[in-house]
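All the letters of the sequence shown, read from the start, carry residue numbers 120 to 206 under my numbering. Glycine included, C-beta positions come from ideal geometry on N, C-alpha and C. Just below is one structure, and these are the notes that go with it.
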Amino acid sequence: MCRGSMPSAYILINCELGCENALIDELKTLPGVVEACQIYGSTFDIIVKVCADTEDRLKEVVNRRIRRMEKVKATQTMMVVIELHDG
Numbered sequence: 120m121c122r123g124s125m126p127s128a129y130i131l132i133n134c135e136l137g138c139e140n141a142l143i144d145e146l147k148t149l150p151g152v153v154e155a156c157q158i159y160g161s162t163f164d165i166i167v168k169v170c171a172d173t174e175d176r177l178k179e180v181v182n183r184r185i186r187r188m189e190k191v192k193a194t195q196t197m198m199v200v201i202e203l204h205d206g
């Protein structure tokens, strides 16, 4: 979970066939990645939640780290505008 009003985004990832688990393991090592899950029922294979101290840092993780990973074929980034929590 992201702290307070930290910028965050969900990134949908389409990857090469059969590399989902290895890619999730690699994604979890990146700074700011708080969740990484394999998904079904979409053209995408993985969903990742990323949090960062600034929007620029968030963009850096997405554009310079995730999108440049060897097995990543395509991404779609959805910036969080409002995040609601129970309690």
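Cβ-Cβ distance between residue i and residue j below 9 angstroms
i    : j    : result
F163 : I143 : no
C156 : M125 : no
M197 : I130 : yes
C134 : K168 : no
Rounded straight-line distance, which links the Cα of residue j to that of residue i
i    : j    : result
K257 : N182 : Lying outside 120 to 206, the shown extent of the chain, residue 257 is not represented and no answer is given.
R184 : V152 : 11 angstroms
L146 : E202 : 22 angstroms
S127 : I165 : 17 angstroms
L149 : Y159 : 23 angstroms
A141 : K190 : 9 angstroms
K178 : E154 : 17 angstroms
Outcome for residue i when other beta-carbon atoms lying within 10 angstroms are tallied against a minimum of 16
i    : result
G137 : exposed
V200 : exposed
Sheet register partners of residue i (DSSP bridge)
i    : result
V152 : V169
Y129 : K168, M197
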